[in-house]
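Student:
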Amino acid sequence: MGRLVPAVTRALDILELFLDGDGSLSAPDIVRKLQLPRTTVHELVTTLSARSYIVPVPGQPGRYRLGVRPYQLGSRYAEQLDLAAEGQQVARTVAETCDETVHVAILEGTDVIYIAKVDSTHAVRMVSAAGRRLPAHCTSVGKMLLASLSEPELSARIPDDADLVRMTPNSITEPGALREALTEIRERGVAVESRESNPDVSCVAAPVRDRTGQVVAALSISVPMIRWSDERREELEHLAAKGAAELSELLGYRSVA
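Each residue of the sequence shown is one higher than the one before, starting from 46 at the first, in the numbering used here.
1) Is E229 close to chain C, meaning its C-beta is less than 9 angstroms from at least one C-beta of that chain?
2) Between S165, L128 and E124, which lies nearest to D144 when the distance is taken from Cα to Cα?
3) For P220, I'd like the list of residues in its chain whose CB is within less than 6 angstroms of its CB, leaving aside the five on either flank, ordered along the chain.
4) How far does the alpha helix (DSSP H) with E291 in it reach, from first residue to last?
5) Per DSSP, P101 is paired with what?
6) How would you label T228, buried or exposed, when you count the other beta carbons within 10 angstroms and need 16 or more for buried?
7) So is D275 buried or exposed if we call it buried at 16+ other beta carbons inside 10 Å?
8) Are the CB atoms of V139 and L284 nearer to each other than 9 angstroms?
9) Assuming the contact rule is C-beta atoms closer than 8 angstroms, S267 and T146 should be a hit. Round their C-beta distance to whole Å, please.
10) Helix, strand or coil for T146 per DSSP?
11) Provide the residue span of the beta strand (DSSP E) that contains D156, from first to last.
12) Comparing alpha-carbon positions, which option in E294, T85, L81 and S69 lies nearest P101?
13) Hey, would you say A129 sits closer than 9 angstroms to V186, going by beta carbons?
The structure is reproduced here in structure tokens:
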């Protein structure tokens, strides 16, 4: 984990004071509550105000309330919550069709976070949970999401000298090999992961797009190796693509014929 930046931490501490306050704070309030130097608080308040994270309270000189920017960030987060809700609905439909474990995941840095999950009813099935985080390069959803990035974005997240985590003997650990896999995924439109994150499970995944056409998530189907075959893989690739397309449509995406 990298070093925390003190100035950013202090700025966030100031914003979080509004969670439990009466809606407005003065600079002396912040100094007292956070035990920070007055000069530091003045600089942080000035910066936060300039970026619309806080704004002066009309008629109350020296007092501040939250500005429009936190609301905009909250609205963006709410959109992700909608994605999770819609994703859970579609994942349930897909799982009912194939009776395998279905996930919807988003990309955060070089990891994927599962935001929706529906279990298979089989006694032998993948064990996981919504909220779980895994290295993107070891999962079908992660590789699908990495494949959707532009080359500059991908290089920023996974440079050529990156040290990729090995979760199983089948995990991709070389950035060059990962890029080759991502090229194939872009061409095929679906991603496959064969025992790369779990030695007993293989997965397929397809991209989920929002109304602008941007890939914002991926839907995967995970299958224990005892039920995996080339024929099953092809069947599940089609089903994952169909499910991802349905979720994309719910998010407002309209494919161009």
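Even for Gly, the Cβ is constructed at its ideal location relative to N, Cα and C.
Tutor: In terms of the structure at hand:
1) Among the protein chains of the structure shown there is no chain C, as only one such chain exists.
2) Indexing the sequence shown from 1 puts residue 144 at position 99. Nearest option by C-alpha distance: S165.
3) Sequence index remark: in the sequence shown, residue 220 carries index 175 (1-based). Only I203, D205 and A207 meet the Cβ criterion.
4) As a working mapping, residue 291 is identified with position 246 in the sequence shown. First-last of the alpha helix (DSSP H) with E291: D275 to L295.
5) As a working mapping, residue 101 is identified with position 56 in the sequence shown. In the DSSP output, where bridge partners are listed per residue, P101 has Y109.
6) Numbered from its first residue, the sequence shown carries residue 228 at position 183. With fewer than 16 Cβ atoms within 10 Å of its Cβ, T228 is classed as exposed.
7) Position 230 of the sequence shown holds residue 275. It counts as exposed.
8) Mapped onto the sequence shown, residue 139 falls at position 94. Mapped onto the sequence shown, residue 284 falls at position 239. Contact flag set, yes.
9) To locate residue 267, count along the sequence shown from 1; it is residue 222. To locate residue 146, count along the sequence shown from 1; it is residue 101. The pair is a contact, with the Cβ atoms about 5 angstroms apart (cut-off 8 angstroms).
10) Residue 146 sits at position 101 when you count from the first residue of the sequence shown. Reduced to three states, the DSSP call for T146 is strand.
11) On the sequence shown, residue 156 is found 111 positions in, with the first residue counted as 1. Note, D156: beta strand (DSSP E), D156 to V163.
12) Taking the first residue of the sequence shown as 1, we reach residue 101 at position 56. When each option's Cα is compared against that of P101, the closest is S69.
13) The sequence position of residue 129 within the sequence shown is 84, counting from 1. The sequence position of residue 186 within the sequence shown is 141, counting from 1. No, these two residues do not count as a Cβ contact at 9 angstroms.
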